[in-house]
Each structure stands twice: as C-alpha cells, then as structure tokens.
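Chemist: As numbered in the numbering used here, the sequence shown has no gaps in its residue numbers, which increase by one up to the final residue, 416.
Ideal Cβ positions, reconstructed from N, Cα and C, are used throughout, including at glycine.
Keep in mind that this is a model prediction, so the values were computed, not measured.
Pasting in a structure now, in structure tokens, and then I'll have a few things to ask.
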Amino acid sequence: MNKKNVKAGIVGAGFAASFHFEAIRKVYATDVELVGVFCRTEQTRKAFAEKRGIKAFDSLEALLDEVDLIHVCTPAVTHEPIAVEALKRDKYAIVEKPLTGYFGDGSDDFNGDTFPKVKALDHALASIRCILDAEKNSKAKILYAENWVYAPSIQKEREIIEKTDAQILWIHGEEAHSGSHATTYAYWKFSGGGVMLGKGCHPLAAALYLKQVEGKARDGRAIRPVAVSARTHALTRLPSFRDEGHIRADYHDIDDFSIMHVIFEDGTIADIFASDILLGGIHNWLEVAANNHRSICNINPNTAMQTYNPVDANFKDIYIVEKTGTKQGWSTPSPDEDWFTGYPQEIEAFYRTVAYGEPVQSDLSLAADCISTIYSAYVSAEKNGTEVAVRVF
Ligand SMILES: NC(=O)c1ccc[n+]([C@@H]2O[C@H](COP(=O)([O-])OP(=O)(O)OC[C@H]3O[C@@H](n4cnc5c(N)ncnc54)[C@H](O)[C@@H]3O)[C@@H](O)[C@H]2O)c1
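Below, the structure is given as structure tokens:
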C-alpha cells in the first residue's frame, strides 16, 4: 500500500510540543511532512524550530495555510480559538488536554476559591458548544489528545470488553504525583481549575471511554455520564500543613486533592481520584470491576522493570520514571515511558484518521463529556458533594 503524505504543524513550543514532536517522528502509517511550528514568542519558536530543523512561522494563519493538521500544544485557555480557526479552514486539530475550560473573568485578582462555580460550568459548556459547532461545519475533526485512551493497558482492556461483552460495574482510577512543575499552574486564571481538571481529566477520560466502548459493543450506542458528586481539598494550603520540601506547596487558589463519583446512564459508577500530594513518582492507574472480569491497568508505575540501586549518585545520569524523588533502593524504571503512556500510539492513530479516515477513539464527544463532567464536579464540590447532573451534547 502506498503511504499517504500528511502535512503537519505544531502550535506551541514548550513541554507538550516536544513530546508531540518525538511521537510524530515515530509515525509509520503515513509519510509525515512536518512543515513547521508557531508559538506566540518569536525567540521560543525560532529555538524550537532550529533545534529540530523545521521552519518557524510568524502566525497561526500562515502555518494553517500549509498543513492538513495542527498539533495544539498551547495552554488550555487558547485551545478553543486555535481549534476553531483550524476547523474553519477544514484542517484537523490534535488538541491537548484539557479540551477547554473557564479561566476567570479577566481580572488580575481573580480568585478560584471564591467565585461561583456555576459560572465556570456555564462558560465551559458554551465553549464546548462553540467547538462542536465548528466541527459540524468543517470537513475536518478534533482529535482529542487523551493519551490514556491509547495507553496499551487501556487498549487491552478495550479488547477484553469488546470480545467478552463485559458489563463494567465500577471503575476506580487515579492520576497523582507530588506537584506539577509549571509556575502558572498554581493559579486558576491560568490553569482553569486545580488538580481535578489538570490530572483528573486523564483517568476520567479513560473511564468515560471504556463505558463508551461497552455501550457501542453491545448495542452501538455509547453509555454516557449523567451525574457527578465531588469533593475538592487544598491540603498543602491548610494552616496545619507541615512542609518538609517534598511536595509542591505554593498553590494560590486551586485544589490539590479531588474525588469525583460519576454515575452513568445505566446506573453504573466510576470513582476518580486526582492529587498533587503523592510521593514516590507518578501514580497513574485504572481498575475495572466488570461482571465477568477484573482488570488493573497500570500506566505508571508498572513492573516491566524493577531495579535495586544501593547508591543514589550511581544513577545520576539515568532517567527512571516521571517525578520520582530518589533513585536509591528499589525502583521501577520505565524502559519506554512514552509507549506505556500512549503518546506514540495516539499520534499514530490520529495520522491514520487524517490520511485514511479511520474512526477516532478519542474524539470531541469524549473530550466534551470530560469537561462537562469536571466543571459539574466543581459545582458539586462547592456544595460539599451534592449530586449535580452532567450535561452531554
Ligand atoms: N497529555 C499530557 O500528558 C500533557 C502533559 C503536559 C502538558 N499537556 C497539555 O499541553 C498543553 C501545553 O502545556 P505545556 O506544558 O507544553 O505548556 P508550556 O508552557 O511548556 O508551552 C506552551 C507553549 O504555548 C505557547 N503559546 C501560549 N499561548 C499561545 C498562543 N495564543 N498561540 C500560540 N502559542 C502560544 C507558548 O509560547 C509555549 O511555547 C496544555 O494544555 C497542557 O495541559 C498535556
């Protein structure tokens, strides 16, 4: 079979842009012509482009003119306008998580602790509607970069559900570590929420995806969320928190611990934890309790490799696993962290969609359900866990 050529561009030149670039290099189903990069800072885009031998573009529009597809690797506040601009020109947009959100009222002193959360929900729903409308009027699609959907353990669970007609009764999952690195993450006005959004979106999307898979396998229709109850906490901001320097503790107005209890339309449930207070390296896992099997999908850590190192300094030049605090003693080095995390698989799948029209596993409907559930969860948390209906489109 002749491979089709896909012309691609990257928007953003930071952390996510770098791992997207690495994943693009591994695409094998299509020929990829990486045309260039655009980000709003001239110096950054030039440095990113030079290091990788690609062109730096001066505007989003100029980049869009030359590609079939863009990778939207910019802060979430910019996702909606950039994705809509791409869709208007019938260009596909791979959009990083979270799809969209509410980033305050524009005031410098906006306070994420005290504003009425229904405002965030209304705004997020309007933003979802805007992206959905743009996709409906476009020949292209949103490809939602939720790597958990493409992580090998989640895809193996998809196969089990599809082939055994499993009924999922309860999903239990978590993303946690000791704190995100970006300084802006501490502020709701930059991040659109706290850990419930930033990290909770990953295991939540995987749970929503697996219930979609179950419904589609049984009667061709996704099983969607209908209600959520949630609690959020700011444990590192408690006056009684005793900071010993292991956990990031400079959050301004966001949550660092959250739990969402999600109810699906068939009455089954999911419990999703997210936190920024966990030592020992990143902890990303999802457990599925079904009527005919039980699976524990370990994304990170997993025991593909276990190493004992008696002297921390011996491993100073060796990457072990994301957010590990020490390399001394027993550890679980990830032999290919990107692969276990699903990054190359997701990018490969998206290029197959663009080139050959293959169906999208992580699509706009999944992204929309995820955002709708999370901002409904913030409304619930404001009411100390009262159940709130989830609006699906
Ligand atoms: N899937 C994952 O595991 C994962 C991991 C990290 C980040 N992310 C997501 O990726 C996105 C980017 O995060 P990051 O960590 O790379 O941030 P970053 O701060 O490292 O990089 C952001 C880049 O976007 C550029 N930018 C900002 N506003 C822009 C605009 N209006 N137009 C063009 N460029 C603009 C900046 O100049 C910068 O180059 C976020 O949505 C984040 O949640 C996902």
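Which of helix, strand or coil does DSSP assign to Asn28?
Modeler: Note: Asn28 maps to strand in three-state DSSP.
Chemist: Whole angstroms is fine: what's the gap from Val55's alpha carbon to Asn160's?
Modeler: Roughly 26 angstroms separates the two Cα atoms.
Chemist: Terminal residues of the continuous alpha helix (DSSP H) containing Arg375?
Modeler: Per DSSP, Arg375 belongs to the alpha helix (DSSP H) from 366-379.
Chemist: Output the distance between the C-alpha atoms of Glu237 and Asn407, rounded to the nearest integer angstrom.
Modeler: Rounded to the nearest angstrom, the two C-alpha atoms are 31 angstroms apart.
Chemist: For the beta strand (DSSP E) that contains Met283, what are its first and last residues?
Modeler: Looking at the DSSP string, the run of the beta strand (DSSP E) that includes Met283 is 280-287.
Chemist: Using the Cα positions of Ala290 and Lys350, report the straight-line distance between them to the nearest angstrom.
Modeler: The residue you asked about is not Ala; residue 290 is Gly in the sequence shown. Near 44 angstroms, if we compare the C-alpha coordinates of Lys350 and Gly290.
Chemist: Nearest CA to the CA of Arg247: which residue from Val50, Phe287, Ile319, Ala390?
Modeler: Of the candidates Val50, Phe287, Ile319, Ala390, the one whose C-alpha sits nearest the C-alpha of Arg247 is Phe287.
Chemist: For the beta strand (DSSP E) containing Leu92, name the first residue and the last one.
Modeler: Element bounds for Leu92: 92-95.
Chemist: Taking the Cβ atom as the reference point for each residue, do His225 and Lys142 lie within a distance shorter than 8 angstroms?
Modeler: Going by C-beta atoms, His225 is not nearer than 8 angstroms to Lys142.
Chemist: Look up Leu302 in the DSSP assignment and say whether it is helix, strand or coil.
Modeler: Correct three-state label for Leu302: coil.
Chemist: Ends of the alpha helix (DSSP H) at Thr67?
Modeler: Note, Thr67: alpha helix (DSSP H), 65-75.
Chemist: Suppose you measure from the CA of Leu122 to the CA of Val107; what does that come to, to the nearest Å?
Modeler: Using only the alpha carbons, I get a separation of about 12 angstroms.
Chemist: Does DSSP put Asp276 in a helix, a strand or coil?
Modeler: In the structure shown, Asp276 sits in coil (DSSP, three-state: anything other than H, G, I, E or B).
Chemist: Would the segment 188-205 count as touching the segment 307-315 if we require 3 or more Cβ pairs under 8 angstroms?
Modeler: Yes, the segment 188-205 touches the segment 307-315.
Chemist: If I follow the unbroken alpha helix (DSSP H) through Thr206, where does it start and stop?
Modeler: Run containing Thr206: none; DSSP gives neither H nor E here.
Chemist: Do Leu83 and Ile105 have their CB atoms nearer than 8 angstroms?
Modeler: Yes, Cβ-Cβ distance for Leu83 and Ile105 is below 8 angstroms.
Chemist: Can you give me the start and stop residues for the beta strand (DSSP E) that Phe61 sits inside?
Modeler: Per DSSP, Phe61 belongs to the beta strand (DSSP E) from 54-61.
Chemist: Would you report the Cα separation of Val218 and Leu301, rounded to the nearest angstrom?
Modeler: Each residue's Cα considered, the two are about 12 angstroms apart.
Chemist: Pull the bridge partners of Asp359 from the DSSP assignment, please.
Modeler: According to DSSP, which records beta bridges pairwise, Asp359 is partnered with nothing at all.
Chemist: Below 8 angstroms CB to CB, which residues in the same chain sit around Asp361 once its five sequence neighbours on both sides are set aside?
Modeler: The answer, listed in chain order, is Phe42, Glu45, Ala46, Pro367.
Chemist: Rank Glu410, Ala404, Ala390 by C-alpha distance to the C-alpha of Gly124 and give the top, closest one.
Modeler: Measuring from the Cα of Gly124, the nearest candidate turns out to be Ala390.
Chemist: Considering only their Cβ atoms, is the gap separating Leu231 from Val402 smaller than 8 angstroms?
Modeler: Taking 8 angstroms as the Cβ cut-off, Val402 and Leu231 do not qualify as a contacting pair.
Chemist: Are there any heavy atoms of ligand 1 lying less than 7 angstroms away from the beta-carbon of Thr53, as far as the coordinates show?
Modeler: Checking the Cβ of Thr53 against ligand 1 gives no.
Chemist: Following the continuous beta strand (DSSP E) through Tyr401, name the residue where it begins and the one where it ends.
Modeler: Looking at the DSSP string, Tyr401 is not in any beta strand (DSSP E); the run it does join, the alpha helix (DSSP H), is 387-405.
Chemist: If you pair each beta-carbon of the segment 158-174 with each one of the segment 367-379, do three or more pairs fall below 8 angstroms?
Modeler: Segments in contact, yes.
Chemist: Given this structure, state the Cα-to-Cα distance separating Ala297 from Leu258, to the nearest angstrom.
Modeler: In a straight line, the C-alpha of Ala297 is about 13 angstroms away from that of Leu258.
Chemist: Take Asp392 and list the residues in its own chain whose beta-carbon comes closer than 7 angstroms to its own, dropping the five residues that flank it on each side.
Modeler: For Asp392, where only same-chain residues beyond five positions count, the Cβ hits under 7 angstroms are Leu231, Arg247, Pro248, Val415.
Chemist: Buried or exposed for Ala147, going by 16 or more other Cβ atoms inside 10 Å?
Modeler: Classification of Ala147: buried, given that the 10 Å Cβ count is 16 or more.
Chemist: With a cut-off of 8 angstroms on the beta carbons, I'd call Ala79 and Val95 a contact; round off their distance for me.
Modeler: Contact doesn't hold; Cβ gap of about 17 angstroms is too wide.
Chemist: Should Gln66 go down as buried or exposed, given a rule of 16 or more other Cβ atoms within 10 Å for buried?
Modeler: Flag for Gln66 reads exposed.
Chemist: Which residues in the same chain have their Cβ closer than 7 angstroms to the Cβ of Cys153, if we skip the five residues on either side of it in sequence?
Modeler: Counting only Cβ-Cβ distances below 7 angstroms, and skipping sequence neighbours, we find Glu103, Val107.
Chemist: Give the secondary structure of Gly37 by DSSP, where H, G and I count as helix, E and B as strand, and everything else as coil.
Modeler: In this structure, Gly37 counts as coil in the three-state DSSP scheme.
Chemist: Does the Cβ-Cβ distance between Val311 and Leu261 come in under 8 angstroms?
Modeler: The answer is no: Cβ separation not under 8 angstroms.
Chemist: By how many angstroms is the C-alpha of Val100 removed from the C-alpha of Gly397?
Modeler: Position check: residue 397 holds Ile in this sequence, whereas Gly was assumed. Looking at the two C-alpha atoms, the distance is approximately 16 angstroms.
Chemist: My assumption, with CB atoms under 8 angstroms, is that Met328 sits in contact with Thr355. Please give the rounded CB distance.
Modeler: The Cβ separation is near 6 angstroms, so the contact holds.
Chemist: Relative to the C-alpha of Thr364, which residue among Gly215, Ile183, Ile322 is closest?
Modeler: The candidate whose alpha carbon is nearest that of Thr364 is Ile322.
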